[in-house]
Amino acid sequence: MSERYLLGNEAIGRACLEANLDFASGYPGTPSSEIVDFLRYQKERDFYVEWSVNEKVAFENALGAAWTGVRSLVTMKHVGLNVAADPLMTSGYTGIKGGMVIVSSDDPYAHSSQNEQDSRNYAAFAKIPCLDPADIQEAYSMMVSAYGLSEECGLPVIFRPTTRICHSKSNVTVGEAGQEHRTAVFEKDPKQFVVIPVHTRVLHKKLNEKQKGLAEKLVEMGFNRAEVRGKTAVVAAGISASYVEEIIPDDVSFAKIGAYPVDEEWLKDFAGKHEKILVVEELSPVVENVLRQVSCGAEVFGKKNGCVPYEGELDPASVALAFEKAGFEHKYEYIIPEPVTDLPPRPPILCAGCGHRAAFYAMKKVFGSKAVYPSDIGCYTLGIQLGTVDTTICMGASITVGSGIASAGEENDVVCTIGDSTFLHTGINGLINAAYNGANITVVILDNRITAMTGHQPNPNTGMTAKGIESPSLSLEALCRSCGVSFVEIIDPYDLTGTLKMFEKAKAKKGVKVIIARQPCVIDAKRSGIKRKPFTVDTDLCTGCGLCVKFGCPAIEFTDKKASVNSLCMGCGVCADICPAGAIRMEGKR
Amino acid sequence: MSESFDLLIVGVGGQGTVLASNIIGESCLIEKRSVRSAETHGMAQRGGSVETHIRIDGKYGSLISPGTADLIISFDLLEALRYSHFLKAGGKIISSSGIIVPVSAFQQNLVIPTPQEIKDRLSDFDLTVIDAEKIALDSGSLLSQNVVMLGASASALPLSEESLLKAVKGLVPPKTVEVNTRAFESGFKAFGNKI
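Just so you know, the protein sequences line up as chains A and B, in that order. To convert, count from 1 in the first sequence and add 52; that's the numbering used here. To convert, count from 1 in the second sequence and add 50; that's the numbering used here.
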């Protein structure tokens, strides 16, 4: 045992080491990415770790591994579970041999996500257990016990940390990495692993029969626990329990829900001892729904009567407000000052020297502001600031939404943008479909050879596996051609003239046109030692036209009607091509 | 208000707020005290405004509610103003004097308040402004501004200078231990007694 200061995701990863994990897979997604990132770099236990091409692939790999008897882990963000939902929904039927944990990290307040869906609903839908830790220490211990639970009930377990678990840090007591390894053996059992109708009907009945015992087991394990202290009570789920514990008075009863399904008999017994009960949980009213069904006499307060919000994340002050709305006392007074609102915003932006910015700039120049720009999920979603992101909905949807818009009859050009990792994730299906059905679109694959936004994880286009082993190189251009696209061209977005020409060429043609804009991610390039000389502005030549500023690079500043280049410059040189006065040039050059 | 000492470290993505927060977290471990912190990752870090919440002796959640923080350490004067509503009445701010002008200001011609205007608007708080850039340069590296700010803030934190310095030495890249030690000590000496 040792005490460490750990990121929640690292604690979750470390718990897997203690639990003798032998197989890990995942697709990066904030706030889940650092779990596999920790596992692939750690040296304390040797086992199989992969970054998969998408969450469905990752899920099925981990399921296959668990069927051989080893313990497996699959990680993803909440919306990734939508991609993996197909195998998820039947994995409870087949069950597992070795323990399997599915980490689906939720993101209340959508800090880095397209929605605020609640993975607890998926657990209920798939009829498998779900663990919902309140703090990092609990995340650690729950994760260690999750494997035993999974094996005991024969079901995969959903582990659902939220952003404030994943990306918080705390002092954590951790155990040693286990050194036991199991031998993977797939024992044939068609009645379990082949879900033809005659088998699946039986499996479904067995799954349903497990539910009651499972709910009782979660109380026995201490994940769901309660203390009666008075006639009023607060029931809190997941991380909300930490906020409630900070402000709850000593004479108010407290029930902490950390696992699902909730034992209805147990909760009914607790509810029966109280007159007023407040339920505090983020996102869906999962616990509240159960409590409302079982609380015979008690008055219940929660989302359904406006005490707790359905959206966003909670904090001590917002939980205190929920207490007040329900007429409950709390320990501290919160007076919330008004935030300052008149400051220039500082949203995240594409890095100085990012190739995506140059590609977007050229695209806008050629296709204009009337063209429709469906885009996708990645750093390049920030292209919204350049006016070249008109839609995003989910991973891989730029090409599909684009071909839908074009084939519906939209007369303006449709120019889709998608990153290399997202293209390989679920974009390729859309390209096959667009080529097959003769859509009239331009697809720009923004190829920086890495999954950048989530922390530079390698993908099949990087030429390296999660463990840093060289992998067979994938050819995006060959892949696109084999989908049936004849117009496949590669450009260097730092070459503005060449990029503009290629976009003009694509604009003049009908059908599906693919342009691969290839330039390594600047952060990754810098780390691997690529150095470019920075640029500078000759103030005598600068006319103050401001065209370079419109490019939106954080390395370009503009004061007293003159542009200047600051220390962030990565030397891409695109601004020098944009400047009509020739005032921007490489440092040291005349 | 709460049982913990609650502080925010704020700045612009890339300024080293996470390292600064790690140094405080490790210092808590050195002193065998509990600690909670919350960071900005993912979409929010690309050159955007970033905030780290740290609760020294914290036992509950990592989030600090607006109106309750004891201290803000800011690596950018504009960000000090942006997050000032997190402070409790009369709370303390220790800020770098530097301002990174947001790209949005250049693109949309937005007006940036002057350093004096920012100071005036923060006059209800106990504000100390530090030329971290100069101290960092004098210490040998512009990149050590975050450690300068920690050194300068040391006497405002309920942690010993020795623990903080030990954590600095353990967490910065090995090649930069000397320069960061100098940065911490210069920050501490220049302002340590005044805070």
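Built from N, CA and C at the ideal position, the CB exists for glycine as well. Predicted model, so just to flag it, every value in this text is computed and none were measured.
Contacts of residue i in chain A (Cβ-Cβ under 7 Å)
i	result
Phe1 (chain B)	The structure shown does not extend to residue 1 (chain B), since chain B spans only 51 to 245, so no value can be given for it.
Phe156 (chain B)	Val601, Glu609, Phe610
Leu160 (chain B)	Pro396
Contacting residues, own chain, Cβ-Cβ under 6 Å from residue i (five flanking each side not counted)
i	result
Ala136 (chain A)	Glu107, Lys108, Phe111
Ala504 (chain A)	Cys431, Cys573
Gly147 (chain A)	Gly206, Leu207
Arg501 (chain A)	Asn513, Thr514, Pro572
Leu128 (chain B)	Ile149
Ala155 (chain B)	Ile162
Residue closest to residue i, alpha-carbon to alpha-carbon, out of the options
i	options	result
His508 (chain A)	A:Val540, A:Val574, A:Glu351	A:Val574
Thr127 (chain A)	A:Ala186, A:Pro208, A:Lys95	A:Pro208
Asn287 (chain A)	A:Glu272, A:Ala311, A:Lys264, A:Leu266	Asn is not the amino acid found at residue 287 (chain A); the sequence shown has Val there. The candidate whose alpha carbon is nearest that of Val287 (chain A) is A:Ala311.
Gln169 (chain A)	A:Thr215, A:Tyr145, A:Ala186	A:Thr215
Asp159 (chain A)	A:Gly358, A:Gly132, A:Asp74	A:Gly132
Ser112 (chain B)	B:Ser54, B:Glu167, B:Gln166	B:Ser54
Ser124 (chain A)	A:Ile154, A:Val105, A:Lys614	A:Ile154
Lys240 (chain A)	A:Val589, A:Thr120, A:Asp303, A:Ala229	A:Thr120
Ser87 (chain B)	A:Met195, A:Val224, A:Pro242	A:Val224
Arg171 (chain B)	A:Met638, A:Ser527, A:Phe75, A:Thr393	A:Thr393
Arg344 (chain A)	A:Gly324, A:Tyr362, A:Ile388	A:Gly324
Val566 (chain A)	A:Ala487, A:Asp138, A:Asn167	A:Ala487
Ala204 (chain B)	B:Gly140, B:Val85, B:Leu121	B:Leu121
Val271 (chain A)	A:Leu201, A:Lys243, A:Ala176, A:Val360	A:Leu201
Leu319 (chain A)	A:Val342, A:Ala372, A:Gly471	A:Val342
Leu193 (chain B)	B:Leu209, B:Ala217, B:Val222	B:Val222
Gly265 (chain A)	A:Asp315, A:Cys600, A:Thr252, A:Gly354	A:Asp315
Ser124 (chain B)	B:Ser147, B:Gly141, B:Ile106, B:His135	B:Ser147
Amino acids of chain B, ordered along the chain, whose beta-carbon sits closer than 9 Å to that of residue i
i	result
Ser220 (chain A)	Arg86, Ser87, Ala88, Glu89, His103, Gly111, Ser112, Leu113
Arg216 (chain A)	Ala88, Gly111, Ser112, Leu113
Pro572 (chain A)	Within 9 Å Cβ-Cβ: nothing; Pro572 (chain A) doesn't reach chain B, min ~17 Å.
Own chain partners of residue i with C-beta closer than 8 Å, once the 5 adjacent residues on each side are dropped
i	result
Asn27 (chain A)	Chain A is shown only over 53 to 642; residue 27 (chain A) falls outside these bounds and no answer can be derived.
Ala518 (chain A)	Val88, Arg92, Val101, Glu102, Trp103, Gln509, Pro510
Asp302 (chain A)	Arg281
Residue i: CB within 8 Å of a non-hydrogen atom of the ligand MG
i	result
Leu343 (chain A)	In the structure shown, the ligand MG is absent, as is every other ligand, since no ligand is present at all.
Bounding residues of the alpha helix (DSSP H) (the contiguous stretch that carries residue i)
i	result
Gly116 (chain A)	107 to 119
Thr231 (chain B)	227 to 241
Cys600 (chain A)	599 to 602
Glu365 (chain A)	It is not in any alpha helix (DSSP H) - Glu365 (chain A) carries neither H nor E in the DSSP assignment.
Asp321 (chain A)	316 to 323
Val218 (chain B)	211 to 221
Trp188 (chain A)	The question names Trp, but residue 188 (chain A) is Ile in the sequence shown. Its alpha helix (DSSP H) spans residues 188 to 205.
Gly60 (chain A)	60 to 70
Arg171 (chain B)	165 to 171
Same chain, Cβ closer than 7 Å to residue i, neighbours up to 5 away in sequence not counted
i	result
Glu89 (chain B)	Val68, Ser71, Thr102
Val441 (chain A)	Tyr425, Ser427, Thr433, Gly435
Lys417 (chain A)	Leu552
Proximal chain B residues relative to residue i, where beta-carbon distance stays under 7 Å
i	result
Ser294 (chain A)	Tyr110, Gly111
Thr474 (chain A)	Within chain B, no residue comes near Thr474 (chain A); the closest Cβ sits about 14 Å away, beyond 7 Å.
Contact set between residue i and chain A, taken where Cβ atoms lie within less than 9 Å
i	result
Ser99 (chain B)	Pro397, Arg398, Pro399, Pro400
Val62 (chain B)	Arg398
Gly117 (chain B)	Ala369, Tyr386, Ile387, Ile388, Pro389
Leu200 (chain B)	Ordered by position in chain A, no residue passes the 9 Å Cβ test against Leu200 (chain B), which lies about 16 Å from the chain.
Glu76 (chain B)	Tyr57
Neighbour list for residue i in chain A, Cβ cutoff strictly below 8 Å
i	result
Val227 (chain B)	Near Val227 (chain B) there are no residues of chain A at all, since even the closest Cβ is about 19 Å away, more than 8 Å.
Start and end residues, beta strand (DSSP E) containing residue i
i	result
Leu58 (chain B)	55 to 62
Val467 (chain A)	467 to 471
Met447 (chain A)	Premise fails: Met447 (chain A) is in no beta strand (DSSP E) and is neither H nor E.
Ala628 (chain A)	That residue, Ala628 (chain A), is in no beta strand (DSSP E); its alpha helix (DSSP H) goes 626 to 630.
Ser145 (chain B)	137 to 146
Ala308 (chain A)	Rather than Ala, the amino acid found at residue 308 (chain A) in this sequence is Lys. Counting along the chain, the beta strand (DSSP E) containing Lys308 (chain A) begins and ends at 305 to 309.
Tyr100 (chain A)	100 to 103
Val540 (chain A)	539 to 543
Chain-ordered chain B contacts of residue i [CB-CB under 8 Å]
i	result
Cys627 (chain A)	In chain order: nothing, as chain B lies at least about 13 Å away.
Gly604 (chain A)	Val153, Gln157
Cys403 (chain A)	Arg96, Gly97
Asp392 (chain A)	The identity of residue 392 (chain A) in the sequence shown is Val, whereas the question assumes Asp. Per Cβ cutoff of 8 Å: Leu131, Arg132, Ser134, His135, Arg171.
Cys431 (chain A)	Arg96
Restricting to runs no shorter than 3 residues, where is the beta strand (DSSP E) found entirely within the stretch 256 to 294 of chain A? If one requires a minimum length of 3 residues, the beta strand (DSSP E) runs lying completely within the stretch 256 to 294 of chain A are 276 to 279, 284 to 289, in chain order.
Which full runs of the beta strand (DSSP E) of 3+ residues lie inside the stretch 216 to 259 of chain A, going along the chain? Whole beta strand (DSSP E) segments, 3+ residues: 220 to 226.
With a floor of 4 residues, list each alpha helix (DSSP H) that falls wholly inside the stretch 397 to 422 of chain A, ordered by position along the chain. Qualifying alpha helix (DSSP H) stretches, in chain order: 407 to 419.
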